[in-house]
Amino acid sequence: MDVEIHRTIESVPREEWDRVVEDSPHGSVFHRYRWLAAVERGCERPGRYVVVSVDDTPAGVFAATVDDVPLTPFERLRSPDPGFGGPVVASDEEETLDALLDAAERLCEDGIVAHVFRTLDGETVRYQRRLEERGYRQTVASCRFVVDLVDGWEAVYGRMSGSRRRAIRSGHKNDVHVRDEVPDRSDLRAFHRGYRRVMDRVDGDAYPRSFFEELATMDGRVRLFSLGVDDEPAGSILVLLDDEQSTVHYFFSAVERDHFEYNASELLHEYAMQWGIANGYRYYDFGETSPDFRDGLFRFKERFGGRAVPTLSWERGCAPVRWNAFRLGRHLYQTASRLREERT
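Under the numbering used here, think of the first position of the sequence shown as 5, with each following residue one higher.
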């Protein structure tokens with residue numbers, strides 16, 4: 005086996021990398037070269053990219069970014085953010101998986117305290133035992149609501165809650181239309197302005213405009229759905245087309261508070277799901293949310309009738325001294341945060 009480690013996406017052979025992603029049952033749009041390039045260039049996150057080849061044929065790939073652990077002096081190796089990661093294996097499964105994990109271990113010798121990655125495809129649980137043997141610990145990082153599209157729109161609509169169906173019917177009482185397009189850089193800059201206002205409203209951390217501009221290079225894998233009411237803009241959403249997993253991923257929203265009266269979110273998701281059905285996709289993924297039934301976003305997505313899918317995360321400490329110091333600091337921080345919440 006030949007193992008190559010790259011410190012920038014620029015030095016990675018694009019066609020060879022994407023061929024592994026396409027040939028693996030666990031590859032996704034988040035593993036593709038263009039998505040990783042958008043994260044590295046647009047978010048300015050230093051990357052680490054591993055390619056394992058067998059007899060000169062790429063058999064597995066693995067991507068990660070290096071970032072600071074908040075409130076600590078440490079760095080960690082983690083899944084590209086935004087997105088999902090983990091090893092992607094196309095052939096010689098056991099040997100290739102071990103070679104990828106060996107490479108991740110070598111990368112941790114650069115003063116990195118931990119390696120953590122989240123997987124999109126739940127079927128990667130097949131690696132659970134091997135990862136445990138290599139020192140990884142699994143947790144449920146979040147969950148996603150996934151709607152099955154294969155039975156058509158009537159079945160999808162019938163599985164929604166009554167309140168969600170009423171919102172869609174109410175929205176259609178207005179003169180509404182939805183425009184869909186493959187956005188260019190100008191479209192993505194305009195979308196980012198609305199997205200940024202949404203993130204400010206919910207006190208979230210917005211991704212930079214440069215990242216959205218880079219998405220214009222993704223070979224048609226990004227689609228923009230924009231709602232108009234009485235010929236006036238009323239919000240939009242950005243989705244990713246995951247041909248590898250036959251999934252339309254809802255990922256970013258620019259539906260602002262002024263658009264709520266038109267039930268803009270419900271109408272846009274309705275259109276996006278119908279678009280997915282018409283174009284042969286099997287699933288519509290509402291994106292990550294807290295795995296807590298009390299959370300408002302959890303309940304909003306749940307009412308579209310999808311099934312809750314856990315997002316699995318694996319973590320491994322790299323250097324005993326640094327790792328133990330990090331774990332102690334994290335425990336103290338979490339304890340202090342919990343006590344503050346109890347007092348308030």
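Quick reminder that beta carbons are idealized off the backbone N, C-alpha and C, glycines included. Please read all numbers here as calculations on a predicted model, not as lab measurements.
By the 16-neighbour rule on beta-carbons within 10 angstroms, ASN267 is buried. 8 Å or more divides the Cβ of LEU192 from the Cβ of LEU231. Annotation for ASP209: MET203 place their beta carbon closer than 8 Å to its own, counting only its chain and skipping 5 residues before and after.
In the displayed model, ASP204 falls within a helix according to three-state DSSP.
Scanning its chain for C-beta atoms nearer than 7 Å, with the 5 sequence neighbours on each side dropped, one finds around GLY175 the residues TYR266, ASN267, GLU270 and LEU271, in chain order.
ALA258 sits in coil when the DSSP states are folded into three classes, being neither helix nor strand. Taking C-beta atoms as the reference points, VAL56 and THR100 count as a pair closer than 8 Å. Contact annotation, VAL252 with GLY239: C-beta distance approximately 18 Å; criterion of less than 8 Å not satisfied.
LEU245 sits away from PHE256, with the two beta carbons spaced by 8 Å or more.
Within the segment 106-138, the complete alpha helix (DSSP H) segments of 4 residues or longer fall at 132-137, listed in chain order. Counted as a single uninterrupted DSSP element, the alpha helix (DSSP H) harbouring ASP27 occupies residues 18-27.
CA-to-CA, the gap between GLU8 and VAL58 works out to about 12 Å. With respect to the C-alpha of ARG311, the residue from GLY126, PRO212 and GLU48 having the closest C-alpha is GLY126. In the three-state scheme derived from DSSP, where H, G and I count as helix and E and B as strand, VAL233 is classed as strand.
With a cutoff of 8 Å on beta-carbon distance, HIS196 and ARG320 are scored as not near each other. Excluding its 5 nearest sequence neighbours in each direction, ARG170 has no C-beta neighbour in its own chain below 7 Å. Judged by their CB atoms, LEU40 and PRO84 are nearer to each other than the 8 Å cut-off.
For the pair HIS35 and ARG163, the Cα-to-Cα distance works out to about 31 Å.
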